[in-house]
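Residue numbers (the working numbering): 21 to 156.
Scroll down for the structure; my scribbles are underneath it.
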Amino acid sequence: MERDESISIRAEAEKAYKNALAIYSGYKVGAALLASSGKIYKGCNVESSSYGLSVCAERNAVANAVVNGERKFIAIGIYSDNGALPCGACRQVLWDVCGDIKVYIFDTRGSYKTLRLSELFPFPFDSEKLKERESK
């Protein structure tokens, strides 16, 4: 099952990668987020000349899924030239929206690795931290 899942996610993440708008860095990233409904939502990085306004592929995939009513997620695949990991902002958004999902990291050479988000983000800031603050 996981192999079939990773193949489907990889194919969709690669499609998103091909649509990335990396006009300044040239560094393309595609992401594919698998919802518990079985649907896969894609996102790619979109760069702006004001670099801080650029949006990563992972966050675009999350936004795409949420816009379409999804709230429960199983896995995300991230496709790039060299198998890059999500940035800190993406890790935070993935944790907040998706929880401890599987993360597939793919590269253009065909290799991949599978992790849990908690391995990439072992000490998250989340709603539990907000509750701790409120209880004081």
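In this text, a Cβ means the ideal position worked out from N, Cα and C, and glycines have one as well.
Since the structure is predicted, the reported quantities are computational estimates derived from the model, not experimental observations.
Sub-7 Å separation of residue i and residue j beta-carbons
i, j, result
"Ala77", "Cys64", "yes"
"Ala33", "Tyr132", "no"
Simplified DSSP assignment, three categories, for residue i
i, result
"Lys122", "strand"
"Lys59", "coil"
"Tyr132", "strand"
"Leu150", "helix"
"Cys110", "helix"
"Asp24", "helix"
"Gly3", "The structure shown does not extend to residue 3, since the chain is modelled only from 21 to 156, so the question has no answer here."
"Asp127", "strand"
Proximity winner among the options, relative to residue i (alpha-carbon distances)
i, options, result
"Asp146", "Leu41, Ala85 and Asp120", "Asp120"
"Phe93", "Lys59, Glu148, Val75 and Pro106", "Lys59"
"Glu90", "Val117, Lys38 and Leu73", "Val117"
"Gly108", "Gly50, Lys38 and Pro144", "Pro144"
"Ser70", "Glu25, Ala85 and Ser45", "Ser45"
"Ile43", "Val86, Ser74 and Ser28", "Ser74"
Classification of residue i by the beta-carbon crowding that lies within 10 angstroms, buried from 16 upward
i, result
"Ser68", "exposed"
"Lys48", "buried"
"Asn80", "buried"
"Leu114", "buried"
"Phe16", "As displayed, the chain neither begins before 21 nor continues past 156, which places residue 16 out of reach and without an answer."
"Gly50", "buried"
Expected contact under 8 Å - CB spacing of residue i and residue j to nearest Å
i, j, result
"Arg23", "Tyr124", "Between Tyr124 and Arg23 the Cβ distance is about 11 Å, and since that is not below 8 Å, they are no contact."
"Arg111", "Lys122", "Incorrect: roughly 14 Å between the Cβ atoms, too far for contact."
"Ala95", "Lys62", "That pair is no contact at about 13 Å."
"Ala40", "Gly97", "Between Gly97 and Ala40 the Cβ distance is about 14 Å, and since that is not below 8 Å, they are no contact."
"Leu140", "Leu105", "6 Å"
"Thr128", "Asp101", "5 Å"
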